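When we follow this note's numbering, the leftmost residue of the sequence shown carries the number 89, and every step to the right adds one. We treat Cβ as the ideally placed atom computed from N, Cα and C, and that holds for glycine. As the structure is a computational prediction, the values presented were derived from the model and not from experiment. Here's the structure, in structure tokens; my notes come after.
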Amino acid sequence: MSFVLPLFMGAVLGFAAHRAGLCTVKAVAELLTTGRAHLLWSFAKSALWVLAATAFAGVLSNPAGFSHWPLTVASVAGGAFFGLGAGLNGGCAFSTMSRLADGNLNILATVAGWAVGIAIGLRLWALRAAPPVSMTAGPGL
């Protein structure tokens, strides 16, 4: 029963992403080709809404617990490979899955590439795992 809410939220997110054409690759392409940043501004507005909701939750004595992974050569390389793949693919993860849902079966190669990348990443991570650094908002924050 614990999978119902995440499944529902995933469906909502997928619908919204498909409907809105939400994609960081397209947002950067819009900026470079037209000089406008409408899609990037949408990301900024979303971040502001999350900031407001998190601050409200903190006021209600329900502080959000944040964690992050340390910046390493592996994380930078992983981000670069992901960005390169998104650029070659012509879209980010959301638009890739939207195109797959629309019936573009060529996208299955990208999804297979994700699986290979995850397998390689997990193998490398097992060789040298770094625990996440916890950042919980304290009373003074």
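Considering only their Cβ atoms, is the gap separating L128 from L139 smaller than 9 Å?
In the sequence shown, residue 139 corresponds to position 51, counting from 1. In the sequence shown, residue 128 corresponds to position 40, counting from 1. No, they are not a contact pair.
Inter-stretch contact (C-beta, 8 Å, three-pair minimum) for the segment 192-208 and the segment 162-180:
Taking a cut-off of 8 Å on C-beta distances, the segment 192-208 touches the segment 162-180, as three or more cross pairs fall below it.
Using beta-carbon positions only, say whether V113 and C180 come within less than 9 Å of one another.
Looking up residue 113 in the sequence shown gives position 25. Looking up residue 180 in the sequence shown gives position 92. Result yes, Cβ atoms of V113 and C180 sit closer than 9 Å.
Quick one: what's H126 bridged to in DSSP?
Within the sequence shown, the letter at position 38 stands for residue 126. Beta-bridge annotation (DSSP): H126 is not paired with any residue.
Counting C-beta neighbours from all protein chains within 10 Å, is the total for T184 16 or more, i.e. buried, or is it exposed?
Counted from its first residue, the sequence shown places residue 184 at position 96. With 16 or more Cβ atoms within 10 Å of its Cβ, T184 is classed as buried.
Thinking G209 and G167 are a contact (beta carbons under 8 Å), I'd like their distance in whole angstroms, please.
As a working mapping, residue 209 is identified with position 121 in the sequence shown. As a working mapping, residue 167 is identified with position 79 in the sequence shown. No, G209 and G167 are not in contact; Cβ-Cβ is about 11 Å, not under 8 Å.
Can you say whether F182 is buried or exposed, counting buried as having 16 or more other CB atoms within 10 angstroms of its CB?
Your numbering for residue 182 matches position 94 in the sequence shown. Counting other Cβ atoms within 10 Å of its Cβ, F182 reaches 16 or more and is therefore classed as buried.
Could you check if S163 is buried or exposed, using at least 16 other CB atoms within 10 Å of its CB as the buried criterion?
Here residue 163 corresponds to residue number 75 of the sequence shown, with the count starting at 1. Label assigned to S163: exposed.
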